[in-house]
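Structure first, commentary second.
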Amino acid sequence: MTTMVATPAARADWVRHAAVLAKVLLFGLLLSALIWPDLSGIKGKASTARLIVYPIGAMILPLWWWVYGRARSTLHRSFPWAADLLMTLPWLIDLIGNRLNLFDTVDWWDDAMHFVLWGFLTAGALLAFAPRDLSRGLTVFVALGFGTTAAVVWELGEYVTFVRNSPELQTAYTDTLGDLALGTLGALLAGLVLYQLRRNVSPSTSKL
Numbered sequence: 002m003t004t005m006v007a008t009p010a011a012r013a014d015w016v017r018h019a020a021v022l023a024k025v026l027l028f029g030l031l032l033s034a035l036i037w038p039d040l041s042g043i044k045g046k047a048s049t050a051r052l053i054v055y056p057i058g059a060m061i062l063p064l065w066w067w068v069y070g071r072a073r074s075t076l077h078r079s080f081p082w083a084a085d086l087l088m089t090l091p092w093l094i095d096l097i098g099n100r101l102n103l104f105d106t107v108d109w110w111d112d113a114m115h116f117v118l119w120g121f122l123t124a125g126a127l128l129a130f131a132p133r134d135l136s137r138g139l140t141v142f143v144a145l146g147f148g149t150t151a152a153v154v155w156e157l158g159e160y161v162t163f164v165r166n167s168p169e170l171q172t173a174y175t176d177t178l179g180d181l182a183l184g185t186l187g188a189l190l191a192g193l194v195l196y197q198l199r200r201n202v203s204p205s206t207s208k209l
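Start counting the sequence shown at 2; every next residue gets the next number (the working numbering).
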């Protein structure tokens with residue numbers, strides 16, 4: 002009986018293909034939202050801001066790498082596809098959730114997304130920009146710094162763009178506090194998991 006084991010090259014190919022596919026799906030959903038706004042699931046939820054911010058969020062790492070990252074990369078690292086995938090998934094999953102109306106029909110969906118998607122986003126940012134040799138404490142510190150700041154910026158953006166003029170204003174304070182707490186916890190978990198993964202994988206073979 003033969004056991005199939007994925008080689009590092011095969012895993013890298015899978016991650017690269019997944020990152021590209023995630024971007025294709027994201028931009029396809031954004032385009033469809035422009036063509037059929039009533040079917041997008043984001044109408045009345047700061048749709049214009051989302052159509053601007055989401056492409057920027059998904060492309061910020063490739064653009065940074067193209068302009069700045071390659072020249073400053075140590076050891077001639079290749080493009081961080083795993084980080085790119087993790088930094089694209091939050092925007093894609095949010096759009097899919099809105100398209101399927103999950104935020105309004107599944108009670109726990111919004112809370113779960115703030116926890117999970119902030120974990121993805123923070124893990125991607127750490128993979129792309131944080132030095133590999135950070136201690137556990139510093140990794141957590143950076144994760145909380147990025148994740149909590151990003152969560153605050155998101156909540157401010159939601160308030161300015163649509164919450165203050167919507168029926169959600171009545172419950173916005175409680176909801177915002179919960180979202181901030183869940184986003185912070187997601188960022189904290191991302192920092193702890195990434196530190197452990199980097200510690201367990203040999204620097205000579207790791208792509209993290």
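Backbone N, C-alpha and C define an ideal beta-carbon position, used for all residues, glycine too. Only a predicted model underlies this, so the values are computations on that prediction, with no experimental measurement involved.
| Query | Result |
| --- | --- |
| Pairwise C-alpha distance: Asp105 and Val161 | 20 Å |
| Beta-carbon proximity of Ala191 to Leu128, cut-off 7 Å | no |
| Nearest-angstrom Cα separation, counted from Trp65 out to Asp212 | Residue 212 falls outside the range modelled here, since the chain spans only 2 to 209, and no answer is possible. |
| Top-ranked residue by Cα proximity to Tyr174, from Thr185, Glu159, Gly187 and Ala188 | Glu159 |
| Contiguous alpha helix (DSSP H) assignments of at least 4 residues, all confined to the stretch 14-73 | 48-65 |
| Residue of Ala50, Ala19 and Val21 minimising C-alpha distance to Ala34 | Ala50 |
| Within 7 Å, strictly: CB atoms of Ala188 and Trp119 | yes |
| Where Val141 falls, given that 16 or more other Cβ within 10 Å makes a residue buried | buried |
| Anticipated Cβ contact below 8 Å, Thr185 with Gly138, distance rounded | Not confirmed; about 16 Å, so no contact. |
| Among Val143, Pro56 and Met114, nearest to Leu195 - alpha-carbon criterion | Val143 |
| Rounded C-alpha distance that separates Lys46 from Thr8 | 43 Å |
| As assigned by DSSP and simplified to three states, the class of Trp109 | coil |
| Backbone CA spacing between Leu76 and Leu96 [nearest angstrom] | The predicted position of Leu76 is uncertain, since its pLDDT is 43 and thus under 50; a value taken from the coordinates is nonetheless stated next. Cα to Cα, the separation comes out at about 37 Å. |
| Backbone CA spacing between Asp176 and Arg133 [nearest angstrom] | 35 Å |
| Beta carbon of Trp92 nearer than 7 Å to that of Ala59 | yes |
| Span of the alpha helix (DSSP H), counted from its first residue to its last, around Asp95 | Trp82 to Arg100 |
| Local conformation of Phe142 per DSSP, three classes | helix |
| For Phe121, the nearest candidate out of Leu87, Asp14 and Ala151 (CA to CA) | Leu87 |
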